[in-house]
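Peer 1:
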Amino acid sequence: EASVLHNLRSRYQAKLIYTYSGLFCVAINPYKRYPIYTTTAVKIYLGKRRNEVPPHLFAISDTAYRNMLTKRLCQSILVTGESGAGKTENTKKVISYFAMVGAREGKKKDASKVSLKTR
329 EASVLHNLRS
339 RYQAKLIYTY
349 SGLFCVAINP
359 YKRYPIYTTT
369 AVKIYLGKRR
379 NEVPPHLFAI
389 SDTAYRNMLT
399 KRLCQSILVT
409 GESGAGKTEN
419 TKKVISYFAM
429 VGAREGKKKD
439 ASKVSLKTR
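In our numbering, the protein residues as written are 329 to 447.
#1: V332: buried (16+ other C-beta within 10 angstroms of its C-beta) or exposed?
#2: Using DSSP with H/G/I as helix, E/B as strand and the rest coil, what is Y348?
#3: Just to confirm, are N395 and V407 a CB contact at a threshold of 7 Å?
#4: Could you tell me the distance, in whole angstroms, from the CA atom of K420 to the CA atom of L397?
#5: Quick one: Cα of V422 to Cα of A330, how far?
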């Protein structure tokens with residue numbers, strides 16, 4: 329649809345490569361690196377609902393991570409596209425997000441164990 333393409337083009341030109349379209353998060357490969365995958369970005373998306381933060385792969389990743397923890401059910405993220413669309417890079421970013429968040433959660437658990445032992 330023309331309005332969807334117009335929206336994607338406008339966001340891409342503003343260096344906003346992620347856009348929600350219904351339930352989906354559409355990514356447009358910029359073929360260059362943007363500083364949008366930092367630890368600061370992780371903190372922005374950590375524990376937030378999708379509608380509370382700008383569209384980003386980390387919002388999708390956080391939703392899956394939180395659902396896995398709270399619902400105790402396996403979660404899936406489908407990354408699809410044509411050759412060169414950035415599927416591998418986006419998958420690496422999802423795994424990186426899980427690693428950063430998991431390490432953070434692990435530190436919290438370790439800190440609580442230490443404080444319980446000292447009591």
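Just so it is clear, CB atoms sit at the ideal spot from N, CA and C, and this is done for glycine as well. Since we're looking at a predicted model, the values are computed, not measured.
Peer 2: According to the structure data:
#1: exposed
#2: Y348 sits in a strand when the DSSP states are folded into three classes.
#3: no
#4: 21 Å
#5: Cα to Cα, the separation comes out at about 30 Å.
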